[in-house]
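Residue numbers (UniProt numbering): 1 to 161. No residue lacks a Cβ here, since even glycine has one placed at the ideal position from N, Cα and C. Down below is the structure, laid out as structure tokens.
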């Protein structure tokens, strides 16, 4: 598997983003994630978006981070927010999400971000398991879904490592 930086609006990224939105809609019986995301949010040095490709150059996984600071939605100054972590069903179980997560944490730390935070939901138990096993701890809710019952937020300090 090859993991490389990619613009958030690259056609491969759009394709997998559409797939993850369908999965969110199925799992939560809704329309997907309505969090407003613009491609420049993932431009270095205030973010990064990664794509993983298989041996036939098919896109199989994504993940990104964007810089967030205190804004009244529960973020803290120096936060990096994890967004759009996704692995296509046929590539799950290969460790891609863990590899992408590690690269995103490393990049956010190098960019001076102090904490990686994320929001997921109760109907994504495999995501929750990944984050807990990667050192993330439950934290105060933040972001668009902070008032939703199914929402779960996690954070990991990036400093001092």
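- Going by DSSP, residue 15 is part of the alpha helix (DSSP H) stretching over 11 to 28.
- Taking the Cα of residue 46 as reference, the smallest distance to any Cα among 18, 113, 87 and 140 is reached at 113.
- In terms of CA proximity to residue 103, 52 leads the group 29, 140, 32 and 52.
- About 18 Å separates the Cβ atoms of residue 50 and residue 35, ruling out a contact at the 8 Å cut-off.
- The residue from 96, 101 and 88 with its alpha-carbon nearest to that of residue 2 is 96.
- In this structure, DSSP gives residue 81 an extended state, which the three-state scheme calls strand.
- In the same chain as residue 145, and ignoring 5 residues on each side of it, the C-beta atoms closer than 7 Å to its own belong to 119 and 151, in chain order.
- In the DSSP assignment, residue 5 falls within the unbroken beta strand (DSSP E) covering 2 to 5.
- Runs of beta strand (DSSP E) with 3 or more residues, each lying fully within the stretch 60 to 109, are found at 79 to 87, listed in chain order.
- If you check the CB distance, residue 12 and residue 48 do not come in under 8 Å.
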